[in-house]
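First the structure, in the form of structure tokens, and then the observations on it.
Number of protein chains: 2
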Amino acid sequence: MATIAEELARKQREISVSEFFERNRQILGFDSTVKALIVAIKEAVDNSLDACEEASVLPEISVTISKVDQNEYRVSVRDNGPGVVRAQMPNVFGRLLYGSRFHAIRQSRGQQGIGISAVVMYSQITTGKATRIRSKIAESDVSNDIELTIDTKKNRPSVVKDDHFIWEEGGKRVDHGTLIEFSLAARYVTGRQSVMEYLRSTAVVNPHATISYTDPEGRTYTFQRATETLPPKAVEVKPHPYGLEIGTLINMLAYTQEKKLSLFLRNEFSRISDRVAKEICEKAMVSADRRPKDVSLQQAKAILDAIGGTKIMAPQTDCLSPIGESLIKRGLKNVLGSLRPEFYAQPVTRPPSVYSGNPYQVEAGVVYGGELASDQPVAIMRYANRVPLLYQQGACAITQAISSIDWRRYGLEQRGGTGIPYGPAVILVHVLSTKLPFTSESKEAIAPIPQIMEEIDLALRACARNLKSHLNKKETKSKAAVKFDIVTEILPKIAEKSSKILQRPVPDISRTITKIMNVVFIEDGVDYDAKKKVAKASVRVRNYTSRKQELKVHALVPPAELDRGSIYPEPEEVSEDGKIMWNLKKLQPLEVVECTFSLKSMERDDYSENEVYISDINPATVIGADPLPGDWGIKTFELEEAEVEEADYDEEESELSEE
Amino acid sequence: MATIAEELARKQREISVSEFFERNRQILGFDSTVKALIVAIKEAVDNSLDACEEASVLPEISVTISKVDQNEYRVSVRDNGPGVVRAQMPNVFGRLLYGSRFHAIRQSRGQQGIGISAVVMYSQITTGKATRIRSKIAESDVSNDIELTIDTKKNRPSVVKDDHFIWEEGGKRVDHGTLIEFSLAARYVTGRQSVMEYLRSTAVVNPHATISYTDPEGRTYTFQRATETLPPKAVEVKPHPYGLEIGTLINMLAYTQEKKLSLFLRNEFSRISDRVAKEICEKAMVSADRRPKDVSLQQAKAILDAIGGTKIMAPQTDCLSPIGESLIKRGLKNVLGSLRPEFYAQPVTRPPSVYSGNPYQVEAGVVYGGELASDQPVAIMRYANRVPLLYQQGACAITQAISSIDWRRYGLEQRGGTGIPYGPAVILVHVLSTKLPFTSESKEAIAPIPQIMEEIDLALRACARNLKSHLNKKETKSKAAVKFDIVTEILPKIAEKSSKILQRPVPDISRTITKIMNVVFIEDGVDYDAKKKVAKASVRVRNYTSRKQELKVHALVPPAELDRGSIYPEPEEVSEDGKIMWNLKKLQPLEVVECTFSLKSMERDDYSENEVYISDINPATVIGADPLPGDWGIKTFELEEAEVEEADYDEEESELSEE
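Protein chains in written order, with this note's numbering: chain A, 633 to 1291; chain B, 633 to 1291.
Put into structure tokens, the structure is as follows:
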């Protein structure tokens, strides 16, 4: 026995983080040669996009892959970002867990200081070659060119070549930018999980970037930027006190420069004013003047409790930069290309929320029908801080949130009401945060944090309800259309035929028709004028009852694009946020009124389905539009949700009792 | 522009590994308070089991959970392992990426030097409290008691209390062992993913350990060890040259103490003899006497190619310690408890194999039918180096291998022939290796390395074929039984009735029966004698043909438990590895021979289904047993596999053509 504990002790030693990842490269995403190529390019492009955004530069990125031999490729990624100063080049590219974004609370693609150094390491492990980096900052005349490897036993860069050049391209001096070039063991494939698809998906959620790609065959593809506007710059914020943990608080108290507890609270956290800081100190019964270093464990706990019991403003959200509902729709249309789906559900950008003190936000979109495959599981498009997630779908909070919704109630097929639904649909979810909780350093899946799952759930249900309402509308309309056809086409023919036989004049059967129909029938449609880029919407209201009718018709439209002069007939009200209301008075039996309006600067399919509601009439009398919800806001949807759920439970029960 | 690159540079700095994991604790598995409790206990128990095995001690581990308040629990885990020397206690428990197992190539639960320190860190972050560790090594009179925290900014332990005691328990001195005690933010739950289930699953694959568990209500449960035999000790080996990569080779060449290339090859790798080392040097055209440090990149590549082109013995496999087929079956029976499944497929322990130079091995078992839920996805039990995997099922190679098999051909339901199948089945897979490629530091899922996926696939298909053959046998027997019932029960009655009516003697219709049946009918069964712990097996062979028959009957039985004296009638052959062969000569029409044998020291259900084959007779004549395969070994199965696949493809084609 004597020897064992000591024998073990002799073997115990430190493991460097690069040594650890050298042996566990699958954690970084390098678990196959196919994936290695995509992951390496993704890390370089993430870095380029982040750098450009930090410098407020419209990104221009070119990616080139060339074949070295059967198992080896050479990759170069070049950007027009601000560049890296010479002194930091070795550390930024040649040392794991080194970077500028880890300690900042801000939405960025890279956060860990691992990605690009991991690429350098993978390159060297699999090819034995050094990585070349060229970088030029604006204030320097020359670019620095270095070649480096990583000493994995020490996790330190080792520069094997150091030079500088005048960087010219196409005879023009390059002002600033970075180029990284490396060789790696890789396998090049095309298809669903390929470099091309990764870049395409990246372009979709980064419409301000121009990305060009030259494949190993030398063909160049360019995804041109769709907008010249940079996304609002994600600003850096201080941590929000909600979600703070005792250990973190104790650490912060020990390391702060502040001399008084109240100042510490005000200056090291966001959303804590003097007043709130005082309130916290009072509730915790700790002096506001106490030195942070002298705060005891008990007092720290009391402060934490006091924070929990104090009303503090929600975190600022200008640190988050969502894609936005209209760009999501446009993105989806881009990707689905020629498949011509039947319906794009209105995308949803949820309001920002907080988990463990970190602001986060969820966006979602659903596309349905048309030529989408109907006998397959739905396609899931996952994004995290504008980066497409291509692997580990099963481990991701997004997939798990999708799987836990009963999609049968929203018109998709799903065994037992859980799991990935089947049907002709694409589901897109984008999660953005100042700190995304990935399940591993490869950042391929978001950990199923309950709060995040909940927001994804809410976003998806909102899209799903929109889908369901579309499907309901379609069904109601198709039923009504059948009735309408019979009544309005066949009845007159019968009348005509009968009259002929009886040799009597054709009677006016319109009153009979209205009696049989006894509805106000609403049809709506959108025409697109490609030349003028105008979408013309119309809502036709026909009184098929035998009495005069009065009702209000409401349309919800994108306010920025609405051409106010185009609205016909004169609306009773047009609100700032895009609600048009017509008050149709004394609609005679069989009378038709057509309400129209136009939307300017629209791309085809930007606006393809109207949102029309009615009010001030018994909704049972109307076919083709739902009654106006009590409010246009979120509350209404929640109300609706409750109704939908009740209705669905009833359905399920009756199904059961039938069996 | 001037400021941006420099502004960024000012922010660039090192991130300590503990700081990284403090912010990304979900990577270590601490992503919910429910999970945190299980993960923390798992890390401590893994450590205890590893330590005991290293010291060849039969593990006795006790786990106690007590409630501190609504959100906080205190956990203690105590073992009888070799203990940790005082000097190493702070580093082992208070520093991430520090340990004894990372640099060793050996199968162990812990490999990373992260787990237990992560527990200490999580405890301190969520409660602000220090972790207490008591450890005693055999050669010391006293135990050392320390309390420590981690300085996460530096990743260094900070000992806040240091003491020593005489460690007594129940009035007896403790000889050696370790106790760790910590508080943590946690939520205690029962059910499928709970501490109890984790410990139960752990006990299943560690039958040499006694694990006792006291829950927060103070109830103590003990999983007694099922065997006094330690699993064969997993020895440490050198890396195998296959799968070596250029970067790793260059590193090894730079750091080796050897002065000559041939010695370097012989001494730093396993399975390279002097002869093989010379052969490699010759093929690479590099002098065997070259100093390793002087080997160039080109030469290193040539050496790597030469290794690939040289026949080198497969890695030694005594570094792997599989559970074994009979213990897997017993384990499954333990877990499934009272559910009484219909069938336990013969578990499979595949021969060891190699990926990237790392030996690994796969074991699998399948249980089917009985009271297992039939309208649910099959239950999947995943194990890695004898540790149950409870989370991230979707991301795991095991799940992906299961999902990519078309289980419909083996009798389970599965939409489209991919995905997790539905049906009354449990699938167990155990992957063991000197280096398991986990998808993250939380070690919850195995990365889908193609070679590992392939071995899992082979193991599963072998089990699945066994299941299918059982289902076929069941179906054939049930069909035969119907015929048998009609012929043997109704015909005599008709004869009797007819005779009565005609008032004539009942004729002997046995010849008629044999004519109609025209088969040799084999039935087998097992009776269990609980008192004597003996399983009595019988194989009844009945000649239902009108001619004499001759055939050989073969039974495959566990050789160790076979009571050779119990075999009746006298067998023609009993082989060492448990094959009994009876030669039944001149079986008269309607004659019945019952072959029996007994197995000793059996638990109930250890042996519940016979493996019976026939030979030296036209198999078409026999119902109830399959013809003897050409060989008992693996080759046969591969042959079978090919046949199965062909047959299935035909089926699929015909299905398609029907549509």
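Even glycine gets a Cβ: it sits at the ideal position worked out from N, Cα and C.
From a predicted model like this one, the values you see are computed outputs, not experimental measurements.
- For B:Y853, no chain A residue has a Cβ inside 9 Å of its Cβ, as the nearest lies near 29 Å away.
- Counting only the Cα atoms, B:F1116 lies some 20 Å from B:P1139.
- The C-beta separation of A:I659 from A:S1074 comes to about 6 Å, placing the pair in contact by the 8 Å criterion.
- Residue A:E1223 holds the alpha-carbon nearest to the alpha-carbon of A:Q1181 among A:G809, A:P991, A:E1223 and A:S1170.
- Judged by DSSP in its simplified three-state form, B:G1055 adopts coil rather than helix or strand.
- In the structure shown, A:L1044 falls within a coil segment according to DSSP collapsed to helix, strand and coil.
- Taken in chain order, the whole beta strand (DSSP E) runs of length 3 or more contained in the region 720 to 770 of chain B are 763 to 768.
- Closest option to A:I757, judged by alpha-carbon separation, among B:I878, B:Y992, B:L1216 and B:D906: B:I878.
- Taking the Cα positions, B:S698 is about 6 Å away from B:V707.
- With at least 16 other beta carbons inside 10 angstroms of its own, A:Q720 counts as buried.
- Given a length threshold of 3 residues, each whole run of the beta strand (DSSP E) inside the region 1154 to 1189 of chain A is given here in chain order: 1166 to 1176 and 1181 to 1188.
- Segment contact: the region 735 to 748 of chain A against the region 1051 to 1067 of chain A, three or more CB-CB distances shorter than 8 Å; contact assigned.
- Counting only runs that start and end inside the region 855 to 930 of chain A, the alpha helix (DSSP H) elements of at least 4 residues fall at 878 to 887, 893 to 900 and 906 to 916.
- Listed by position along chain B, the residues whose Cβ is nearer than 8 Å to that of A:A920 form an empty set, because the closest Cβ is around 21 Å away.
- If you check the CB distance, A:Y1239 and A:A1257 do not come in under 7 Å.
- Neighbours of B:Y730 in chain A, taken as residues whose beta carbon is under 9 Å from its own, are Q644, R645, E646 and I647 in chain order.
- Shown here for A:D1038: same chain residues with a beta carbon closer than 6 Å to its own, the five before and five after excluded, namely G1049 in chain order.
- Within chain A, the residues placing a beta-carbon under 7 Å from that of B:G879 are Q756, I757, T758 and G760, ordered along the chain.
- Identification of residues in the region 739 to 755 of chain A having a C-beta nearer than 9 Å to some C-beta of chain B yields Q743, Q744, G745, I746, M753, Y754 and S755, given in sequence order.
- In this structure, DSSP gives A:T842 an extended state, which the three-state scheme calls strand.
- With a cut-off of 8 Å on Cβ pairs, the region 659 to 674 of chain A is not in contact with the region 798 to 818 of chain B, counting fewer than three such pairs.
- The three-state reading of DSSP puts A:F662 in coil, since its state is none of H, G, I, E or B.
- For A:Q856, no CB of chain B lies under 7 Å from its own CB, so it is not counted at the interface with that chain.
- As a beta-bridge residue in DSSP terms, A:C1227 pairs with A:V1171.
- In this structure, B:V1171 is the residue among B:D1195, B:A886 and B:V1171 with its C-alpha nearest to the C-alpha of B:V1185.
- CA-CA distance, B:F797 to A:L876, rounds to 37 Å.
- Where B:Q1032 is concerned, there is no enclosing beta strand (DSSP E), although the alpha helix (DSSP H) around it starts and stops at A1029 to S1035.
- If you draw a 10 Å sphere on the C-beta of A:Y887, you find fewer than 16 other C-beta atoms in it, and that means exposed.
- Measuring C-alpha to C-alpha distances from A:I843 to each of A:R832, A:G850 and A:E849 identifies A:R832 as the nearest.
- A direct Cα-Cα distance of roughly 36 Å separates B:V908 from B:E1208.
- Straight-line spacing of the CA atoms in A:A1113 and A:P1259 works out to 20 Å.
- Spatial neighbours of A:Q1220 in its own chain (CB-CB distance under 8 Å, excluding positions within 5 residues in sequence) are listed in chain order as N1175 and K1180.
- Annotation: Cβ neighbours of A:A637 in chain B (cutoff 7 Å, chain order): P714, G715, V716, V717 and I769.
- In this structure, A:V1225 sits near A:V1173, with a CB-CB distance shorter than 7 Å.
- Rounded to the nearest angstrom, the gap between the Cα atoms of B:Q1135 and B:E1128 is 10 Å.
- Listed along chain B are Q644, each with a C-beta nearer than 7 Å to that of A:V724.
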